[in-house]
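Student: Count the sequence shown with the UniProt record's numbering and you get residues 1 to 168, in order.
I have a structure I would like to understand better, so I am pasting it below and will then ask my questions one at a time.
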Amino acid sequence: NRCQGFSRPGYFFNKYDIAPLAGEGVRNEGYEEELENYLKEKGQKLLDTYEVILYGQQGKGAYWDRRKNTIWARVTDHITHSAETGKSGGQNIIFGTKPIQILVPYIKILSPRNGIIAEPFCGSGSTIIASEIMHRRCRAIEIEPLYGEVILIRYEKFTGKKAVKISK
Numbered sequence: 001n002r003c004q005g006f007s008r009p010g011y012f013f014n015k016y017d018i019a020p021l022a023g024e025g026v027r028n029e030g031y032e033e034e035l036e037n038y039l040k041e042k043g044q045k046l047l048d049t050y051e052v053i054l055y056g057q058q059g060k061g062a063y064w065d066r067r068k069n070t071i072w073a074r075v076t077d078h079i080t081h082s083a084e085t086g087k088s089g090g091q092n093i094i095f096g097t098k099p100i101q102i103l104v105p106y107i108k109i110l111s112p113r114n115g116i117i118a119e120p121f122c123g124s125g126s127t128i129i130a131s132e133i134m135h136r137r138c139r140a141i142e143i144e145p146l147y148g149e150v151i152l153i154r155y156e157k158f159t160g161k162k163a164v165k166i167s168k
């Protein structure tokens, strides 16, 4: 759990934090030395296996969908999921397309309905589609024009809406 020096407290979690979904009051300092030793000895395999993700929030405490917290609070980092085919998932163009079904529970538990999801590295647009499913507003950025075209095609195909391009 890292508290950055913003004007309002922001809590950021990454793959080095043991229990990122634990909420307020649980701290991981006791495990940091043990984790550092593990990373020195066997860490490269761990670092090569997991993709880095970042979760941040502002204000007091973690947001939890309290109506379903007994189910959705069990989100884990061990996920088994059959990958989409290359055609349907954008895999033939973009390597590492995240399956939407994996993102949905995280978006549900970590943001309120109609909340804003920030996606600074949009890739194939999976976070946008998962946000649509969960009735969240996704603000996404993608610097690569080819990826941007894939995102537009996937969004339009999923929603049936015509995407509006904003000029520079």
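Just so you know, even glycine gets a beta-carbon here, dropped at the ideal spot from N, CA and C.
Predicted, not measured: the structure shown is a model, and the values here were computed from it.
DSSP has residue 119 in a bridge; who is on the other side?
Tutor: Paired residues: 140.
Student: How is residue 159 classed by DSSP in three states: helix, strand or coil?
Tutor: Three-state DSSP puts residue 159 in a helix.
Student: For residue 8, count neighbouring C-beta atoms within 10 Å of its own C-beta (all shown protein chains included) and say buried if the count is 16 or more, exposed if not.
Tutor: In this prediction, residue 8 has a pLDDT of 40, which is less than 50 and means its spatial position is unreliable; nothing more can be read from the coordinates.
Student: Can the beta-carbon of residue 131 be found less than 8 Å from the beta-carbon of residue 122?
Tutor: Cβ atoms of residue 131 and residue 122: not closer than 8 Å.
Student: Note down, in chain order, each residue of its chain lying with its Cβ closer than 7 Å to the Cβ of residue 98, except the 5 sequence neighbours on either side.
Tutor: Taken in chain order, the residues that qualify are 126.
Student: Exposed or buried, what is residue 108 when buried is set at 16 or more other beta-carbons lying within 10 Å of its beta-carbon?
Tutor: Residue 108 should be labelled buried.
Student: So, for residue 103: in the same chain, excluding its five sequence neighbours on each side, which residues have a beta-carbon less than 7 Å away from its beta-carbon?
Tutor: Within the same chain, residue 103 has close Cβ partners 126, 127 and 130.
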